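Residue numbering for the sequence shown is 122 to 917, as defined by this note's numbering. These notes concern the structure reproduced below.
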Amino acid sequence: MKNKKLQITAIIYFILSVNLFAQEIKFQAEKMDIKDGGDTILAFFSNTLIPSKKVTIKSNKANYNKKTEVIIFTNNVNIQDNLNSISIKSNKVKYEKKNDIFYSHGATKINIKDKYKIDSKNIYFDRNKQIIYGNEKTLITDDKANIYELLDTFQINLIEEIITAKNALIKDKDENKYLFENLMVNLKVNEIVGKELDINFKKSYFGNEKNDPVLKGRSSFSNDDELKVYKGVFSTCNIENKECRGWELNTEEFKHDKRKKIFEYKNSWLKIFDYKVFYLPYFNHPDPSVKRKSGLLTPSYTTSDSLGTSINLPYFKILSVDKDITFNPRIYADKSFLLQNEYRQALQNSDILSDFSFLVGDAGTKGHLFYNQLGEVKNASYEINLQNVRGDNYLKTHKLIDTSPLIENDGLLTSSLKLNWNLDNSKLDTSFTIYEDLSRNYHDRFQYIFPDFNYSKNLEIPKEYNGNFNFNSYGHNKLYDTNVSETVLTNDFLFSSNKFVNSKGIVTDYDLLLKNSNDYSKNSSNYDENLNYNLFGVFKIDANYPLQKIEGDYVHLLKPIASFRYSPNGNTDMSNKDVFLNYNSVFNLNRIGSSSQVEGGESLSLGLEYIKKNNLGFDSIDFKLANVLKADEDHNMPSKSKLNNKRSDLFGDLKFGINENFNLNYNFSYDKDLKYSNLDQFSFDFSVNNFYTNVSYYSEHNDLPNVENIKNTSKYEFNEENKLTFEISKDLNENFTQYYDLIYTHETDCISLNLSFNKSFYNDGSLEPSKSLSFLIKIIPFTELGVPNLGNLVGQ
122 MKNKKLQITA IIYFILSVNL FAQEIKFQAE KMDIKDGGDT ILAFFSNTLI PSKKVTIKSN
182 KANYNKKTEV IIFTNNVNIQ DNLNSISIKS NKVKYEKKND IFYSHGATKI NIKDKYKIDS
242 KNIYFDRNKQ IIYGNEKTLI TDDKANIYEL LDTFQINLIE EIITAKNALI KDKDENKYLF
302 ENLMVNLKVN EIVGKELDIN FKKSYFGNEK NDPVLKGRSS FSNDDELKVY KGVFSTCNIE
362 NKECRGWELN TEEFKHDKRK KIFEYKNSWL KIFDYKVFYL PYFNHPDPSV KRKSGLLTPS
422 YTTSDSLGTS INLPYFKILS VDKDITFNPR IYADKSFLLQ NEYRQALQNS DILSDFSFLV
482 GDAGTKGHLF YNQLGEVKNA SYEINLQNVR GDNYLKTHKL IDTSPLIEND GLLTSSLKLN
542 WNLDNSKLDT SFTIYEDLSR NYHDRFQYIF PDFNYSKNLE IPKEYNGNFN FNSYGHNKLY
602 DTNVSETVLT NDFLFSSNKF VNSKGIVTDY DLLLKNSNDY SKNSSNYDEN LNYNLFGVFK
662 IDANYPLQKI EGDYVHLLKP IASFRYSPNG NTDMSNKDVF LNYNSVFNLN RIGSSSQVEG
722 GESLSLGLEY IKKNNLGFDS IDFKLANVLK ADEDHNMPSK SKLNNKRSDL FGDLKFGINE
782 NFNLNYNFSY DKDLKYSNLD QFSFDFSVNN FYTNVSYYSE HNDLPNVENI KNTSKYEFNE
842 ENKLTFEISK DLNENFTQYY DLIYTHETDC ISLNLSFNKS FYNDGSLEPS KSLSFLIKII
902 PFTELGVPNL GNLVGQ
């Protein structure tokens, strides 16, 4: 026979070795066929060895052609290149022995030294030149979680460890994406060079999920130390459904200093809505990985009728890991100089915040010091506040309340020490406080409260008592107006029962209060002279009968309420106390708002609540009504509350809504005989499409001091980003407009524009009406630009 066929089949697995061409290729197989006079060898389930190349190939089938010196491996091909520490897996691989080239057909996975993993198809591996190349889309993942997506033609030089590609997309471990043309990556030194760069950062890279940050450039260079982009465009704006970005920086050279963690820009134009606005020769800011960094903050420009023009040049300085300071120098046109500083420090169990300043000018030297420290120690927390100022009008004149995180009142200073303990079922709050009223003369401006405390404890009682028992002790020692002193100590013992529901569905609960008040005073108008002590008792029982009726798509809820209270020893004269009742307070145990007294005598409070809601839970009607009945008049009660009469006013709330776009609220206090109202509070909300308006009206009259005002707020949203707001307030009693504001805002994920006009009026004649026109731009997340008063800038 021309063809000699040798077939060896094993019942038990054995290996047949064939030594060919001076030990250059070895086949170890379960089954082999030799054809064409020995020119063709077929090996099944084979392990092919090429000792001179230090290569081993496993496959289900190997077809070796002696004449062409080509081996074709098929099915479950696994190549181990021990010389280069490379493994290749595919379903079909062709090996050209003469050229020492592997070529894979179809899907292919390559592992290079466990540093790089390649996922591609139709790959060439030239072992002589030590290059891997192809024309198909390829994914390379390195051991630092970076992904290189080579979109078409590429080559990997294994000796130099350099990747070149015509088009490529790189995704780093932070999920930022870099799109290149003509890419070259040096994997040894992590250096990247490319043209037509397009970086798509992770949307939240700059802190906002709605952003779509991007950096584009004509060419780029990157390594472990820096990324440089030439002729670049940078923006964080989302451009979806927009003609242009809200803002962008066109820069001649962009640099990301990875060591210093800063972005730098050279010769840049800031464009807003595609218009060039500012030229910046040099500009830098920390990259998003930096939580804080020393450097200049956004300067600001202000004008004032009394102080003139000033410029603020703030600078942030990191002193150490746990402390930093912000210097905020303010330079006035008259050469006065104000330096305001904000110091922050984090200790192991506390945080310090301090704000201080000094002013140097023709008027002399003035300044302020505010200090706050918050801390915790085991079961206790504390707060220290120190406030001092030189110059009574210094804070107001320079409007430091607008620039300080600690100044909450520029006319009243508060220095204090507060201690709070949380104990088992109890709590103790104490404080030592000094108030200084800057508007008063020096001797009467101080008020000392040493100490002020409040102790409360839940006392455990047997369950059969069906309630809970609370003890509360509180008091203070106060000195003010030079020679007025007050010492007060009050002890409350309060039992509050659980709620009981009888067989008829009536819900009841009750309160028992025993109050012991003690006071000692001198020259005080609030308490009697010398030592006084009182013991008060109050019993209050509440009952309500909740009813429900389902009618079609609506649920009707009706709840009659009755509350009876009795105190055998009532209060002293409180007729001038400013206490006003409404429906929300009429059933409270302490509705007279006194910590040292209780409401004397007996009274019956009656109420009614009605709610109509649909099956979606929307309340279309919510009506509440209450009245207080007494056997006798009590002229010691606050007259404004109407608790001094046998019958109080009729208090009520009415909420009416057709849908979510139309709501009407009305709070009232009507005379007991319904002849007139003493209070009317009306609020109307209406919205349709992009328009919203609110009208609120408030009036006190007849038995109360005359107060009447009306306010309107209207908004129109042109779209999700553009809004116009108008607000006006008028005092109807004095017949003058208090103020009006007109504000236009444009806000997106990356830019906010605000143009507002405000005019305020005064009715005392001492001040002229003030008006301001301001313009503000926020370049999110970097800076804020604008003029707080355009009128002053252009000379009104």
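For every residue, glycine included, the Cβ atom is placed at its ideal position computed from N, Cα and C. Here the structure is a predicted model, which means the values were calculated and not measured.
Environment of residue i [buried if 16+ CB atoms lie within 10 Å]
| i | result |
| --- | --- |
| A752 | exposed |
| A467 | exposed |
| I320 | buried |
| N449 | buried |
| T229 | buried |
| L795 | exposed |
| S684 | buried |
| G485 | exposed |
| N509 | exposed |
| S410 | exposed |
| L204 | exposed |
| Q461 | buried |
| T603 | exposed |
| K397 | exposed |
| A501 | exposed |
| R380 | exposed |
| G626 | exposed |
N- and C-terminal bounds of the beta strand (DSSP E) containing residue i
| i | result |
| --- | --- |
| L750 | 740–750 |
| Y648 | Element bounds for Y648: n/a, residue is neither H nor E. |
| T846 | 843–852 |
| E385 | 383–393 |
| I155 | 152–156 |
| R451 | 444–453 |
| E270 | 268–271 |
| Y351 | 347–356 |
| N579 | 567–580 |
| D870 | Counting along the chain, D870 falls outside any beta strand (DSSP E), and DSSP gives it neither H nor E. |
| L729 | 722–735 |
Backbone secondary structure at residue i - three-state DSSP
| i | result |
| --- | --- |
| S760 | helix |
| P667 | coil |
| P334 | coil |
| Y797 | coil |
| L516 | helix |
| E282 | coil |
| S415 | coil |
| G328 | coil |
| E296 | coil |
| S173 | helix |
| E364 | coil |
| Y556 | strand |
| E585 | helix |
| I261 | strand |
| L521 | helix |
| G159 | helix |
| E317 | strand |
| I231 | strand |
| D550 | strand |
| L897 | strand |
| D792 | coil |
| M695 | coil |
| V481 | strand |
| E373 | strand |
| S684 | strand |
Option in the options with minimal Cα separation from residue i
| i | options | result |
| --- | --- | --- |
| A289 | S724, F301, N579, D378 | F301 |
| F616 | N205, K636, R339, L434 | K636 |
| K352 | E373, L336, P667 | E373 |
| E463 | P902, I570, I528 | I528 |
| E504 | S441, T423, L538 | L538 |
| N579 | I570, N593, F571 | N593 |
| N932 | T846, K182, S850 | For residue 932 there is no data in the structure shown, the boundaries of the chain being 122 and 917. |
Touching or not, the segment 692–706 and the segment 762–774, by the rule of three or more beta carbon pairs under 8 Å?
With the cut-off at 8 Å, the segment 692–706 and the segment 762–774 touch.
Any contact between the segment 616–626 and the segment 638–654? By contact I mean 3 or more CB pairs, one from each, below 8 Å.
no
Could you tell me whether the segment 836–843 touches the segment 799–814, using the rule of 3 or more Cβ pairs below 8 Å?
yes
Flag this pair as touching only if the segment 555–563 and the segment 584–593 have three or more C-beta atom pairs under 8 Å; answer yes or no.
no
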